[in-house]
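The sequence shown runs 0 to 1002 under numbering that gives the first Met the number 0.
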Amino acid sequence: MTQGGRRHTPYARLLRHGFTDPEAAGRLLSSPQLSRVREDPLFLDALGATADPDLALLGLLRLVEALEGQGEDAQPLLGTLLTAKPLRDRLLGVLGASDALADHLARHPRDWQALVTYESADLHPGIEEFEAALQDADDRDALRVAYRRALLSIAARDVCGTSDVARTAAELADLATATIRRALALARAASPEDAAACKLAVIGMGKAGGNELNYVSDVDVIFVAEPAGPAREGETEDTERALQAATRLASHMMRICSDTTAEGTIWPVDANLRPEGRNGPLVRTLSSHLAYYQRWAKTWEFQALLKARPMAGDPALGYEYVEAVAQLVWQAAERENFVTDVQQMRRRVVASIPAAQVERELKLGPGGLRDVEFAVQLLQLVHGRSDTSLRSPTTLEALDALAAGGYVGRQDAAALDAAYRFLRTMEHRIQLYQLRRTHLMPESEADQRRLGRSLGYRSEPVAELHKAWRRHASAVRRLHEKLFYRPLLDAVAQLEAGQERLSPQAARQRLEALGYADPAAALRHLESLASGVSRKAAIQRTLLPVLLGWFADSADPDAGLLGFRKISDALGKSPWYLRLLRDEGAAAENLARVLSAGRFAPDLLLRAPEAVALLGDENGLRPRSREALTQETLAAVGRAEGAEAAVAVARGVRRRELFRTAAGDLIGAYGTEGVAQQEPAAALDRVGAALTDLNAATLAGALRAAVREQWGDELPARFAVIGVGRFGGREMGYGSDADVLFVHEPREGVSEHEAGKAAFAVATEMRRLLQLPSSDPPLVIDADLRPEGKSGALARSLASYAAYYARWSVVWESQALLRAEFVAGDAGLGERFIELIDPLRYPVGGLGDDAVREIRRLKARMESERLPRGADPTTHAKLGRGGLTDVEWTVQLMQLRHGAEVPELRTTRTRAALAAAREAGLIAGDDADVLDEAWVLASRVRNAVMLVRGRPGDTFPSESRELAAVGRYLGYEPGHVGEMLDDYRRVTRRARAVVDRLFYAAE
């Protein structure tokens, strides 16, 4: 039949009411049991209003069949369903949302009557009402049935909108309290002697303690007990007997709730939040609890105790426990490692999520429920010590109190409240379906459709659900950091009348809790940056909440904030600067990471603040090629007046490129929202090549400047700079000198004497120019590896090198030449020099036994004489056990012995030579991996020390903040510097064992 061009078949009607399988629904409706209701339009409308009409209809038919199967008349149910809208909405709403509760009604069909009453007490039941509902349960099965009957009414109020999510969570916690009390009563009745021997209190923890429980969740508890009678001084036997009795009672109570019977289970009772966790006794006395918390407890345990409330058992003992531990809870923020502990807790949670589940996590993932709860609890710990209004164990109540006290911005609190309610409602509806504990978004479209409809999305439930979820999760991610820092700005800004603000004391407390060592100075910086009514101040107030969070996530927040103030003072009048940070998403985070990671990169930036623009360019932190750098440097030198001005320009280019390289390295090491952490070995290779290229370009500029100053366009001699050491190996670190050899060759018609004199003058002038006093980092040219060392000529002709190497060369010079590579000047001359030295560094037939012994003797002498006095040989990155020298000499010995026969060994790079030796079978794969790991780690330690301290070093810093910053660069979370040092010693110890076998031929 059609009407107005629209088909009105039974199937079409069912589809319009939200059924997804109208054929199956039609069959169900045609069953005799539903004949009384099938044509009723209100009945169909009520089905269409449920989360899953197909599921609701099937559940109703199962209920009617179950009633008839037990000899009951189903007509009162169907009649009430037609005449009473409250029952219709409640019953069908539950059946359409929960397959598990439909199963319960199919097993216990008379329980539908629990949904009929609609009195005021029924609308808002509390612990007393739930206790009354459970009081007749005299065994485990009866308790389960009564629990689910009560759960039916909670779910009905939830899905019908009578209770909001906070009220539903509170009711679930109240039902859990009543259930625990009834289970304890059953345990006491089963063991009256144990019950008489002790006073036992059950302390609710977690969401149960916070009156914000889920449908399916572990109920976290802690047990505390005392002897039943007055304590007799010195009588430990009474206490022991009482603890044994209490332990039996507590264990029995847990089993009553947790065991699976014919009626299923209620929920696990989890006592792992107790002192010492699973390894500690299940029950302790109050004094034992306090002794543990005063001496051994970690920060997370005090955070957990925020939720503690007496739940069951002896009320006086329960309240005494809660009052006693509260004094310790509100002192937790004064603990020495509070900030580090708090940062670790959140990272540990995120890191534990399986990668495949991160995108589906409602609770633990970024922008999830735990972010909100964690932030609120941290602020409670920081400010609750001086403001008792913040001590609510319930997340939403605590958030409201934080906003009322000015500790959180009101708009931020409102947005977070809305997001938290939405996420908790999602979590509730997901769990309600099967009454299973889960925090994951379901994967099937049918499950997502049911979930979306349960939240009120009807036109496109799946698409609308995901859109809302993304919006709220994004709000949580954004506000999670702002929560801590926005009020700090309000504390130093001009607020409208009536607005609450942090007191100076509260602001200092928060900054201390977030890791700022000098909160008074930090507040001064904030006031300087954010006070006033200018557009600049307004933008800073927008940026700073997030920046402060990134600073606090570093090893030195104070340095980050101070650096940001200096940069802002230098660039504050530049219109592009704040616009860059505001509009370019990555720029602000990149800047925060760079400013708070150490001294080296910020010092470079402060000398030329305009380089901050590199941080907002997607390609701005990628190293530039040597060709591009050399071209830019030579062009800049060509425009300059005089050699000193020319080299100043070249050093300016180098400074910018040093910053580019260091910033990219730091951001890659830390990782940001838009940049994943880089693989360490690849990052090290990239840094080494970039530093080598920019230093080669700088030398090319200095050479051009020195030649032009005295000789114009052409020097009387061809002149080449050969890089050796780390320079030639393209393995330079931030603190490396440029090890070089200078070689020249007379041009046609020029005498050897004149050419030599000119070459010496150029080499000397290059060294002078590059070390002139300047704000730019100097580039030290070290030519000590030349023939005869410091006593030899600074620059030699190619013929002179040939004569020397033919007659006087010793084995260590051949070893040094393994990393010789042309870097600047006349390329043809450079190639001829490389051809000259190849037979020395890759001798045909390898090294003789005497040469091998000489190399080993030199190495042993170096170990005994060159390690600085007082240095720890287990942590010295260059000369220590398993450090750079150990690995490099081992690799170089293989190159000297086999380079003539294995062409792949003819490389100046340590890691490439090591890989070639492995491929050639000269070293076992495991040994090569050990040496490579040690070399990479030692090189990164040296780079980290330079980045953190701003000056070169071969050992770990002794100052705690510097050591922590080195650890962060190396990938260790706060508080793990001991693990970092242990790992370094382990890696280098294994490398030394390989060196002893391969280099020293020790068995």
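Note that beta-carbon positions come from the ideal geometry of N, C-alpha and C, so glycine has one too.
Own chain partners of residue i with C-beta closer than 6 angstroms, once the 5 adjacent residues on each side are dropped
i	result
T906	A912
R156	S162
R967	A554
Y291	P274
R139	I255 and T260
Q677	G667
E495	Model confidence at E495 stands at a pLDDT of 49, short of 50, so the residue's coordinates are unreliable; what they give is reported in the following sentence. Once the five neighbours on either side are set aside, E495 has no close Cβ partner at all.
A569	P608
Y146	T178 and I265
Sequence-distant residues of its chain with Cβ nearer than 8 angstroms to residue i (five each side left out)
i	result
S250	L281
L528	A536, Q539, L543, F563, R564 and S567
D340	K297, T298, W299, R334 and G974
D684	R910
D399	A412 and D416
D871	G879 and T954
Y841	Q894, L895, G898, A899, L904 and R905
G497	Bear in mind that a pLDDT of 49 at G497, under 50, signals an unreliable position, so the model cannot answer this.
G619	A612, L613 and R659
Where residue i falls, given that 16 or more other Cβ within 10 Å makes a residue buried
i	result
P31	exposed
V809	exposed
R15	exposed
G879	buried
E609	exposed
L771	exposed
G844	exposed
K306	buried
K877	buried
V720	buried
L90	buried
D313	buried
N210	buried
W575	exposed
K206	buried
D783	exposed
Q814	buried
K572	exposed
Y983	buried
V886	buried
S216	buried
A99	buried
H471	buried
Anticipated Cβ contact below 8 angstroms, residue i with residue j, distance rounded
i	j	result
L579	G615	5 angstroms
C197	E225	7 angstroms
A325	L380	At roughly 12 angstroms, the Cβ-Cβ gap does not stay under 8 angstroms, so A325 and L380 are not in contact.
D697	T632	Checking the sequence shown, residue 697 turns out to be Thr, not Asp. Indeed, because the Cβ distance is near 7 angstroms, the residues count as touching under 8 angstroms.
Neighbourhood of residue i by C-beta, 7 angstroms cutoff - its chain only, sequence neighbours within 5 removed
i	result
Y456	E463 and L464
S391	A397 and A400
D517	D557
A73	Q32, V63, L66 and E67
Residues sharing a beta bridge with residue i, DSSP
i	result
I179	According to DSSP, which records beta bridges pairwise, I179 is partnered with nothing at all.
I721	L740 and F821
V220	G203
K198	E225
S796	H743
V268	V218
I780	A737
E360	L439
R941	None, per the DSSP bridge assignment.
G366	Note: G366 sits in no beta bridge, so no partner.
G312	A200
A716	P745
Just list the alpha helix (DSSP H) runs in the stretch 900-925, keeping only unbroken ones of 4 residues or longer that don't cross its boundaries, in chain order. 909-918
Uninterrupted beta strand (DSSP E) stretches inside the stretch 239-307 (no shorter than 3 residues): If we require 3 residues or more, the stretch 239-307 turns out to have no beta strand (DSSP E) run fully inside it.
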